[in-house]
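Heads up, the thing below is written out as structure tokens.
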Amino acid sequence: METDGYTIKRAKYHSYKAPGQERFCGGQTLGAEYADERIKERIAGLTVAPKRKHIQLDDGHINLIIDLDNSVKAMQNAGYEHWAKVYNLKEAAKTVAFLSENNLLSLEDLSGKIAELQALFDDTTAALKGAEKKIAYLSLLIKNTENFRRTYGAYKAHKQAKGKEKEQLAQQYGSALIIHQTARNALREMGVIGDKSPGKLPDVAALKKERDKLTAEKSALYNQYSDLKKQVAEYGKVKTNIDKILGTNRTEEHRDNARQM
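Here the sequence shown is numbered in the numbering used here, starting from 503 and rising by one per residue.
Shown next as structure tokens:
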């Protein structure tokens, strides 16, 4: 551990401090396997050191390059820093291969492609929201039109009745009258009927047909939206990686020039 840069404070219970770490950390704090007794047992060959979790190097996708300069883990763990450097080399190679496969041979080409995808994504998102809003409107219109027609007979009978008959019909058709009035108010607010006469109500069959068509369009738009969302994220990672790669190269070039001077 001292060879790897750790500082060890020897006492009744040992404590350790990684490179760049401000305070010492007791072995017991790191877990039971790092208590003094367990470490002594492993040195004596009585037990086996706990297995480290395997770090996945390649998941087949473009991933962001790790910023080693600002990575706390890299500052504290030499093993992690080595893994991260190998990881970054793999991701840099994948990023460059991606650009070549997609014929993006300059930063201008990459920026143009990202802008194109973002515009298409924004348009698709707006179209999807518009379809959802229209479907919700049609569903509400269908519901209120059907409720209006279904309860219109009870409403008309109650309206024309007088005296006790009106009171009896109010009790008999109580729920139907409430549903009808709710539907009437909603259709009036939607601008479908007037204040005095309902006029001609919409064709429910035609409304349902239009809603079904919009639902199919919404499904296609959602698939396009999901695909574009992934592409925007992927190209965003590529752009970030390229910026980091170029930034690293420029830093190294600056260092080389400084040495020559």
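Glycine is no exception: its CB is placed at the ideal position from the N, C-alpha and C atoms. Keep in mind it's a predicted model, so treat the numbers as computed, not measured.
- Can you name the residues that DSSP bridges to Ile510? Within the sequence shown, numbered from 1, the residue matching residue 510 stands at position 8. Paired residues: Tyr518.
- Message: Between which residues of its own chain and Ala576 is the CB-CB distance below 7 Å, once the five residues before and five after are set aside?
- Response: Sequence index remark: in the sequence shown, residue 576 carries index 74 (1-based). Leu570, Tyr582, Glu583, Ala586.
- Item | Asn687 - containing alpha helix (DSSP H), residue span | On the sequence shown, residue 687 is found 185 positions in, with the first residue counted as 1. First-last of the alpha helix (DSSP H) with Asn687: 676-691.
- Task: Taking all protein chains shown into account, decide if Tyr515 is buried (16 or more other Cβ within 10 angstroms of its Cβ) or exposed.
- Result: Numbered from its first residue, the sequence shown carries residue 515 at position 13. Exposed is the call here.
- Roughly how many whole angstroms lie between the Cα atoms of Gln673 and Lys666? Looking up residue 673 in the sequence shown gives position 171. Looking up residue 666 in the sequence shown gives position 164. When rounded, the distance between both Cα atoms is 11 Å.
- Task: Report all residues from its chain with a CB closer than 7 Å to the CB of Ala678; omit the five preceding and five following residues, and keep chain order.
- Result: What you label residue 678 is simply residue 176 of the sequence shown in a count that begins at 1. Counting only Cβ-Cβ distances below 7 Å, and skipping sequence neighbours, we find Thr653, Ala656.
- Message: Measuring straight from C-alpha to C-alpha, what distance separates Ala580 and Leu591?
- Response: Start at 1 with the first residue of the sequence shown, and residue 580 comes out as number 78. Start at 1 with the first residue of the sequence shown, and residue 591 comes out as number 89. Each residue's Cα considered, the two are about 17 Å apart.
- Query: Would a C-beta distance cut-off of 8 Å place Asn649 and Ile681 closer than the cut-off?
  - Reply: Counting from one through the sequence shown, the residue named residue 649 turns up at place 147. Counting from one through the sequence shown, the residue named residue 681 turns up at place 179. Going by beta carbons, Asn649 and Ile681 fall inside the 8 Å limit.
- Query: So, using beta-carbon positions, are Glu691 and Leu640 closer together than 8 Å?
  - Reply: Taking the first residue of the sequence shown as 1, we reach residue 691 at position 189. Taking the first residue of the sequence shown as 1, we reach residue 640 at position 138. Taking 8 Å as the Cβ cut-off, Glu691 and Leu640 do not qualify as a contacting pair.
- Phe600 and Leu730 closer than 8 Å at C-beta: Residue 600 sits at position 98 when you count from the first residue of the sequence shown. Residue 730 sits at position 228 when you count from the first residue of the sequence shown. The answer is no: Cβ separation not under 8 Å.
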